[in-house]
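Residue numbers (our numbering), protein chains in the order written: chain B, 21 to 334; chain H, -18 to 419. Don't be surprised by glycine CBs; every beta carbon is placed ideally from N, CA and C. Every value quoted in this text rests on a predicted model; they were computed, and no experiment measured them.
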């Protein structure tokens, strides 16, 4: 059995980022670099066209009353005014955040646990890493279809497992109460390994001298994790949180395949609601306003997490 | 007398000659129709994973050989096909030449947007002899006509019917229900007698359920709109219909019925785990292909309710994009797929024929005679065609949104989140708000 103290111990020391050769001041090269700035043009153009244009177009469309098949009429901020009074928009925003918080918490906790275990593994580390990669390289649609069968209330594996322990069958994705926890569980199955790999890289870069000093002071087990590992790992945890936040706030594929926003509107996240407005109801103007709102939410959350990361950087 | 006799003799000799000549001329015309006129062209066909397409697919290479026209096929599930199609049509792209279209759902919207090509002018002088548009059910042709223009050719005829297990009914002492009230009693009796079986299953998935619910609504004597053209779900008869539909699924449906559409229903009934399934007649072939079902399945229309019996009947059509750059070649494909010869082949594979001549052909009758359940199926389709309505949702062009509102209302009742009255009145308000937002 692994000793808790050993589980949280780390080995290799890497150079601090301030010492990195690339950061050293080299005035002689600056002039030469300036001469090759035009080489950035293709990448800049690509970013402007492929990212800038759709964003600006969505922003533009959000100011129109525009249904597919009909002419567009400018309505200024009309769609945003509708959005503020749309009960389903606020419901979707609430569902989006509920799913986000629940899934992110599950993924950070289980990802950290996996990373700590993996950090201790010596012989099978490469194999385990490969196995960890496999869930998140699977397309979301495939994952959705797989879990649709697993969580089927009548023939699903999940209820069969519950029955082995004498627990009555659950409705899972068909229950308005349980659908969000179930979707969060599916996403955690797929993405906790990704979080684990980020945290594993973080764990391997932690300085060993701190652990040695803590060991001399008699720290061990959970206190080592709480007082040393977690604070030192905070930047990596925040990187994982930022990456997962962007995905979770615009989570779509698994929900679309498993529930389409149901039962009722219980899993109608903002992205699903916007999709339905746009591609089922063909209300492109309003769907664009919803997407702008979602983008704003993602940007605010990412900025907040990025600032937090700067504060916790060491 | 003699002159009359000569005339009679001449007539007797000439009539068969004239008939023979006429027949020969017809054959010559048929042979002279140039199927290779558009050889070398390529057309694209967007369709959904539907029994009609699944049965037609093996014959497509024959069309390519006959005409020299290459057909590029893209198949999606129904909703995804529609989502893909609207983006293509909105951008006026020629990416799709022909597509399957459910006019009862999207016809008014697509016609209003000018997305359908008018088929009438293309048919003139470009149709094989004997194609005969008058052979199609006039109701179906009417459903494919907007603003006096024919925008599609009917592919099938379908509507929701009840598939029930005759062996289970016999064992439980249940007679095929004659009214909606006795249908509820039959479900209750089946539940008591066969507790491991799902007594009743129908659609619970919000956007899909108006197809089955509409039949219930009409049999309760209600309509989506009242005489003044206002949403009418809050009326007592409509509230009763919503309560009945939701209660049946809640008390006698499978766990998770709220996510059920035709795929799950056909699977559940096909596996022998449901006593009654209220689902499209179009699922007849997949259900009959399930082991044992052709021997133990009985069929009936939804029994009459307080408003009598008003079955739902709709049909898919094959339409052409207004932005197609290969309209004549595309018309060749549409007419080939809907000829008497092709529809006869499809009918023998369980696709209910929209052509009268195919429905009454000896080959089709012989196929029906092979199994009593097939005869019953055709009989129900004929009844639907004679007395059914294609109103699956309010008569407005924003059908998908209206259907979602209706589906959500019923699901809220099914999930116990609202009473039938509250859900129905809220749905009326949502539909009114949608109509006001134009």
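Chain A within 9 angstroms of residue i, Cβ atoms only
| i | result |
| --- | --- |
| residue 186(H) | Protein chains in the displayed structure are B and H, and chain A is not among them. |
9 angstroms Cβ cutoff, residue i in contact with chain H
| i | result |
| --- | --- |
| residue 270(B) | no |
| residue 300(B) | yes |
| residue 172(B) | yes |
| residue 324(B) | no |
| residue 189(B) | yes |
| residue 194(B) | yes |
| residue 246(B) | no |
| residue 201(B) | no |
| residue 283(B) | yes |
| residue 145(B) | no |
| residue 291(B) | no |
| residue 296(B) | yes |
| residue 111(B) | no |
| residue 139(B) | no |
Residue span of the beta strand (DSSP E) that contains residue i, given as start and end
| i | result |
| --- | --- |
| residue 112(H) | Careful: residue 112(H) lies outside any beta strand (DSSP E) and carries neither H nor E. |
| residue 257(H) | 257 to 261 |
| residue 210(B) | Here residue 210(B) belongs to no beta strand (DSSP E); instead the alpha helix (DSSP H) covers 199 to 224. |
| residue 28(H) | 23 to 29 |
| residue 379(H) | It is not in any beta strand (DSSP E) - residue 379(H) carries neither H nor E in the DSSP assignment. |
| residue 251(H) | Unbroken run through residue 251(H) is the alpha helix (DSSP H), 243 to 251; no beta strand (DSSP E). |
| residue 279(H) | 278 to 281 |
| residue 299(H) | 298 to 301 |
Any non-hydrogen atom of the ligand MN closer than 8 angstroms to residue i Cβ
| i | result |
| --- | --- |
| residue 345(H) | For the ligand MN, the structure offers nothing, since it holds no ligand at all. |
Contact belief for residue i with residue j at Cβ below 8 angstroms, rounded distance in angstroms
| i | j | result |
| --- | --- | --- |
| residue 182(B) | residue 189(B) | 6 angstroms |
| residue 292(H) | residue 369(H) | 4 angstroms |
| residue 362(H) | residue 333(H) | 5 angstroms |
| residue 276(H) | residue 178(H) | Between residue 178(H) and residue 276(H) the Cβ distance is about 17 angstroms, and since that is not below 8 angstroms, they are no contact. |
| residue 109(H) | residue 319(H) | Not confirmed; about 11 angstroms, so no contact. |
| residue 396(H) | residue 196(B) | 6 angstroms |
| residue 125(H) | residue 298(H) | 5 angstroms |
Below-9 angstroms beta-carbon distance, residue i vs any chain B residue
| i | result |
| --- | --- |
| residue 230(H) | no |
| residue 239(H) | yes |
| residue 335(H) | no |
| residue 148(H) | no |
| residue 283(H) | no |
| residue 67(H) | yes |
| residue 131(H) | no |
| residue 235(H) | yes |
| residue 274(H) | no |
| residue 70(H) | yes |
| residue 60(H) | yes |
| residue 17(H) | no |
| residue 249(H) | yes |
| residue 254(H) | yes |
| residue 385(H) | yes |
| residue 53(H) | no |
| residue 64(H) | yes |
Range of the contiguous alpha helix (DSSP H) that encloses residue i
| i | result |
| --- | --- |
| residue 171(H) | 161 to 174 |
| residue 217(H) | 217 to 233 |
| residue 398(H) | It is not in any alpha helix (DSSP H) - residue 398(H) carries neither H nor E in the DSSP assignment. |
| residue 332(B) | 304 to 332 |
| residue 76(B) | 73 to 81 |
| residue 67(B) | 61 to 67 |
Taking only beta carbons into account, state which residues of the segment 84 to 95 of chain B come closer than 9 angstroms to chain H, listed in chain order. Answer in chain order: 85, 87, 88, 89, 90.
Three CB pairs or more closer than 8 angstroms across the segment 151 to 169 of chain H and the segment 25 to 33 of chain H: Because the criterion of three Cβ pairs below 8 angstroms is not met, the segment 151 to 169 of chain H and the segment 25 to 33 of chain H do not touch.
Tell me which residues of the segment 77 to 104 of chain H have at least one Cβ-Cβ distance to chain B shorter than 9 angstroms, keeping chain order. Listed in sequence order: 90, 91, 93, 94, 95, 96.
Check whether the segment 371 to 391 of chain H and the segment 408 to 417 of chain H are in contact - that is, three or more C-beta pairs closer than 8 angstroms. Touching, yes.
Could you tell me whether the segment 207 to 223 of chain H touches the segment 248 to 263 of chain H, using the rule of 3 or more Cβ pairs below 8 angstroms? Judged by Cβ distances under 8 angstroms, the segment 207 to 223 of chain H makes no contact with the segment 248 to 263 of chain H, as fewer than three pairs qualify.
Could you say if the segment 270 to 290 of chain B and the segment 148 to 161 of chain B meet the contact criterion of at least three C-beta pairs nearer than 8 angstroms? Output reads yes: the segment 148 to 161 of chain B touches the segment 270 to 290 of chain B.
Cβ-based contacts, 8 angstroms cut-off: residues of the segment 256 to 281 of chain B near chain H: Residues passing the 8 angstroms Cβ filter: 279, 280.
Could you list the residues in the segment 388 to 418 of chain H with a C-beta less than 7 angstroms from some C-beta on chain B, going in chain order? Residues 389, 392, 393, 396, 398.
Sufficient close CB pairs (3 or more, under 8 angstroms) joining the segment 109 to 119 of chain H to the segment 67 to 82 of chain H: Flag = no, the segment 109 to 119 of chain H and the segment 67 to 82 of chain H do not touch.
Sufficient close CB pairs (3 or more, under 8 angstroms) joining the segment 297 to 316 of chain B to the segment 93 to 110 of chain B: Touching, per the Cβ criterion.
Members of the segment 354 to 383 of chain H near chain B, C-beta cut-off 9 angstroms: Residues 378, 379, 381, 382.
Determine contact between the segment 13 to 24 of chain H and the segment 324 to 334 of chain B, defined as no fewer than three beta-carbon pairs at a distance below 8 angstroms. No, they do not touch.
Counting beta carbon pairs with one atom in the segment 238 to 252 of chain B and one in the segment 285 to 297 of chain B, are three or more of them shorter than 8 angstroms? Taking one beta carbon from each stretch, the segment 285 to 297 of chain B and the segment 238 to 252 of chain B have fewer than 3 pairs nearer than 8 angstroms; the two do not touch.
How do the segment 117 to 128 of chain B and the segment 196 to 206 of chain B stand: do at least 3 beta-carbon pairs fall below 8 angstroms, yes or no? These segments touch.
Examine the Cβ distances between the segment 272 to 288 of chain H and the segment 46 to 62 of chain H and report whether three or more of them are shorter than 8 angstroms. They do not touch, by the three-pair rule.
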